[in-house]
Amino acid sequence: MSSDFTPDQKRYLEGFASGLIAARAARGQLPSGGQGGEPTGPDAIHIKAQDRTIAAGGKLSDAEKIKREQHPFDAYDRLKQQARDNVAPKAADNFRWRYYGLFYVAPTQTSYMCRLRIANGILTHWQLAGLADLADKYAGNYSHVTTRANLQIREIEPKNAVAVVEGIMDLGLASRGSGADNIRNVTGTPTAGIDPQELIDTRPYAREWHHHILNERALYGLPRKFNVGFDGAGRIPVLEDTNDIGFQAVEVKDGFGAEPGIWFRLALGGITGHRDFARDTGVIVKPEEATQVADAIVRVYIEHGDRTDRNRSRLKYVLDAWGFEKFLAHVEEKLGRKFVTVPADAVAPRPVYDRSAHIGVHPQKQAGLNWIGVVFPTARISTEQMRGLAKISNDLGDGDIRLTVWQNLLISGVADDNVTLAVAAVEALGLTTQASPLRAGLIACTGATGCRFGAAQTKETAEKIAQWCEPRVALDSPVNIHLTGCHHSCAQHYIGDIGLIACKVDAGEDADAVEGFHILVGGGFGTEAGIARDLYRDIKVPDVPRTIERMLKGYLANRASRDETFLTFSRRHDTDALKALFDAEAAE
């Protein structure tokens with residue numbers, strides 16, 4: 015009978031049916047498994063979890079209702095129609111399109127941002143050049159490097175959204191699942207395979223997990239976003255302890271009931287925006303079994319994560335409610351075997367990371383070759399610079415572009431004889447391979463300029479901090495300063511030596527609130543992991559650079575020795591004492 019309808023009539027009926035489902039969703043009368051009966055197929059694990067929530071008297075969050083009404087991967091035709099019509103998405107579709115990596119960022123910009131997936135943060139020179147061409151054709155003539163060793167293309171008009179997504183795939187890359195309630199970009203050691211001190215090359219394991227996600231629909235539509243990081247114990251930190259799952263390469267010693275050699279130590283529950291790091295489970299995992307273990311962990315989370323409260327739906331809260339022992343028992347049941355566990359003293363000390371190894375020239379483990387870390391002002395790189403760096407990588411390096419979680423990239427495989435030439439070529443692009451101790455650790459999210467959640471401009475404020483402090487403060491050791499625009503903490507302000515989170519500051523009874531920041535101090539990661547403490551509140555943006563200047567001068571004037579880091583110094587004093595020391599330093 016359906017063949018008797020015209021195409022317009024068919025579209026009307028499809029829209030009519032969708033409207034009925036939406037109305038039922040709004041009333042809480044949600045369908046169970048599509049046609050009734052037991053849910054089947056790759057989405058069944060999610061539908062059953064939602065059904066259990068409803069049966070227990072819970073009310074699904076709006077995001078869960080949207081996913082239940084229509085899976086985003088079943089709505090691609092509508093995304094294409096919106097592109098043909100050059101129309102912005104409504105709220106529900108704005109959420110759905112994030113499954114394709116597309117974020118409509120109005121009102122800050124009336125356009126999409128597209129976030130990629132790049133396994134281990136490594137892509138080829140021709141892929142970077144291809145992304146530059148794609149951005150020039152369909153978006154703004156720049157991209158941003160993210161804190162997950164990833165790239166974002168911005169200022170994409172709705173009419174170009176599909177062209178960007180498909181163009182990314184044409185380059186052998188992906189954006190699928192890089193937003194919304196999905197497993198985000200898989201990070202790994204940026205110097206994997208070339209690092210003199212690494213215990214393991216993370217590339218094959220990050221890549222296997224990356225492709226497993228892309229090809230398993232059941233791993234989309236989690237209770238909330240999910241992060242996984244692989245750290246091979248190289249010189250550049252990966253911040254795997256800020257992930258939901260952290261795989262940390264360790265050397266297991268003989269005599270502890272496990273085969274000696276290199277394993278991954280399993281850490282779970284990191285979410286520094288909620289003031290928590292991934293905690294060691296005591297479990298060690300054979301590297302070749304990492305994907306299988308990660309899959310089982312995610313499936314337990316899918317079944318038992320909170321689908322009612324978006325603020326308490328991350329893995330951390332399942333672990334807090336259950337405890338690690340119960341959670342790991344459920345994972346073991348999924349795996350069909352027991353985990354291997356060892357005490358902490360079974361693991362040899364890990365190699366020490368270097369806070370500056372992502373900047374400048376460093377020798378690889380391959381004799382005569384080097385990686386060169388390139389600095390980007392506030393993580394922005396123009397398309398011209400993208401093509402230029404791609405050419406340098408192809409002409410003078412091994413052709414790989416290695417992104418880091420420190421919002422920059424490495425050109426690897428540069429021969430000793432070509433280092434000077436490569437550095438000069440980078441400088442000819444208006445970039446540099448050198449950075450002050452301040453700029454080397456200056457991290458900022460997109461902020462209010464391009465994110466509707468941002469309460470203040472972060473990248474712009476970061477640049478003002480650098481321009482003000484560099485000529486006034488003679489730092490001789492790295493100080494990490496992280497600026498984030500909202501509670502989502504994309505720039506991870508809680509782990510910075512100095513952390514700033516944007517806020518609105520009262521400007522008086524008859525004035526609108528103005529942009530500002532709360533300032534925190536004493537955060538760290540890895541062996542120095544710790545959550546930063548509140549120090550100053552409601553600092554207006556024009557006053558931020560001078561405040562940071564006073565803090566840095568107070569540190570230099572009062573540190574115990576030249577070897578005392580800012581982190582050690584700040585943790586040696588309580589916040590009242592720090593304020594007294596900092597406020598005593600008169601800014602220019």
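Just add 14 to the spot in the sequence shown (first one is 1) and you have the numbering used here.
Cβ atoms here follow ideal geometry from the backbone N, Cα and C, with glycine treated the same way.
Could you give the DSSP three-state label for residue i: helix, strand or coil?
i: SER407; result: helix
i: ALA480; result: helix
i: GLN43; result: Model confidence at GLN43 stands at a pLDDT of 45, short of 50, so the residue's coordinates are unreliable; what they give is reported in the following sentence. It is coil, neither helix nor strand.
i: SER16; result: Per-residue confidence for SER16 stands at a pLDDT of 46, beneath the threshold of 50, marking its modelled position as unreliable; the derived number appears in the next sentence. It is helical.
i: GLU674; result: Residue 674 lies beyond the residue range present for the chain, which begins at 15 and ends at 602; the question has no answer from this structure.
i: GLN306; result: helix
i: ILE35; result: Bear in mind that a pLDDT of 48 at ILE35, under 50, signals an unreliable position, so the number given afterwards is only what the model happens to contain. Helix, per DSSP.
i: TYR118; result: strand
i: LEU253; result: coil
i: VAL555; result: helix
i: THR589; result: helix
i: LEU93; result: helix
i: TYR367; result: coil
i: SER157; result: strand
i: ALA598; result: coil
i: GLU265; result: strand
i: VAL345; result: helix
i: LEU566; result: helix
i: TYR152; result: helix
i: VAL487; result: coil
i: VAL178; result: helix
i: VAL332; result: helix
i: VAL636; result: The structure shown has nothing for residue 636, since the chain only spans 15 to 602.
i: GLN64; result: helix
i: LYS104; result: coil
i: THR582; result: helix
i: ALA70; result: coil
i: HIS502; result: coil
i: ALA77; result: helix
i: ALA146; result: helix
i: ARG576; result: coil
Would you mind giving the Cβ-Cβ distance between residue i and residue j, rounded to the nearest angstrom? I have them listed as a contact below 8 Å.
i: ARG279; j: VAL264; result: 5 Å
i: GLY115; j: ARG190; result: 7 Å
i: ALA304; j: ASP294; result: ALA304 to ASP294, Cβ: 16 Å. No contact.
i: PHE539; j: THR160; result: Incorrect: roughly 17 Å between the Cβ atoms, too far for contact.
i: VAL493; j: PHE531; result: With a Cβ gap of about 16 Å, VAL493 and PHE531 do not count as contacting.
i: VAL312; j: ILE197; result: 7 Å
i: ILE170; j: ALA153; result: 5 Å
i: ALA488; j: ILE373; result: In fact, because the Cβ distance is near 18 Å, the residues do not count as touching under 8 Å.
i: ALA194; j: TYR113; result: 6 Å
i: ASP290; j: GLY284; result: 7 Å
i: GLN399; j: LEU445; result: 6 Å
i: GLY9; j: ILE509; result: Outside the shown range of the chain, which is 15 to 602, sits residue 9, and nothing can be said about it.
i: ALA308; j: ILE276; result: At roughly 18 Å, the Cβ-Cβ gap does not stay under 8 Å, so ALA308 and ILE276 are not in contact.
Among all the DSSP beta bridges, which residues are the ones paired with residue i?
i: ARG538; result: With the sequence shown as reference, residue 538 is identified as Gly, and Arg is not the correct amino acid for it. Beta-bridge pairing links GLY538 to GLY544.
i: VAL200; result: In the DSSP output, where bridge partners are listed per residue, VAL200 has none listed.
i: ILE170; result: TYR126
i: LYS518; result: GLU529
i: ASN384; result: PRO377 and VAL428
i: ALA281; result: GLY260 and ASP294
i: GLY513; result: HIS496 and LEU534
i: TYR113; result: For TYR113, which the question treats as bridged, DSSP gives no partner whatsoever.
i: THR355; result: VAL297
i: ARG131; result: ALA188
i: THR138; result: ASP414
i: LEU165; result: VAL159
i: TYR12; result: Nothing can be reported for residue 12, as the shown portion of the chain is limited to 15 through 602.
i: VAL389; result: THR446
Exercise for review: Within the stretch 205–248, note down every full beta strand (DSSP E) run reaching 3 residues or more, in order along the chain.
Suggested key: The beta strand (DSSP E) runs of length 3 or more contained entirely in the stretch 205–248 are, from start to end of the chain, 242–245.
Practice item. Would you be able to state if there are at least three C-beta pairs under 8 Å between the stretch 430–437 and the stretch 459–474? Key: Flag = no, the stretch 459–474 and the stretch 430–437 do not touch.
Review point. Taking one C-beta from the stretch 410–428 and one from the stretch 325–340 each time, how about it: are there three or more such pairs within less than 8 Å?
Key: no
Review point. Taking the runs of the alpha helix (DSSP H) that are 4 residues or longer, which of them lie wholly in the stretch 392–466?
Key: Along the length of the stretch 392–466, whole alpha helix (DSSP H) runs at least 4 residues long occupy 397–410 and 433–442, reported in chain order.
Review point. On the three-pair Cβ rule with 8 Å, is the stretch 240–254 touching the stretch 195–210?
Key: yes
Check your understanding: Counting pairs of Cβ atoms below 8 Å between the stretch 477–486 and the stretch 178–190, do you hit three or more?
Key -> Contact check between the stretch 477–486 and the stretch 178–190: fewer than three CB pairs, one atom from each, fall below 8 Å, which does not count as touching.
Review point. Does the stretch 341–357 come close enough to the stretch 388–398 that 3 or more CB-CB pairs lie under 8 Å?
Key: They do not touch, by the three-pair rule.
Review point. Any contact of the stretch 548–561 with the stretch 513–529, i.e. 3+ C-beta pairs under 8 Å?
Key: yes
Exercise for review: For the stretch 110–127 and the stretch 357–369, state whether three or more C-beta atom pairs, one from each stretch, are separated by less than 8 Å.
Suggested key: As far as the Cβ criterion goes, the stretch 110–127 does not touch the stretch 357–369, which means the pair count is below three.
**Study point:** At least three beta-carbon pairs within less than 8 Å, the stretch 134–153 to the stretch 397–409
**Key:** yes
Exercise for review: Would you be able to state if there are at least three C-beta pairs under 8 Å between the stretch 88–108 and the stretch 375–384?
Suggested key: no
Practice item. Evaluate contact between the stretch 204–221 and the stretch 172–181, counting only Cβ atoms and requiring at least three cross-stretch pairs below 8 Å. Key: no
Practice item. Tell me, please, whether the stretch 361–377 touches the stretch 259–274 by the rule of three or more beta-carbon pairs shorter than 8 Å. Key: yes
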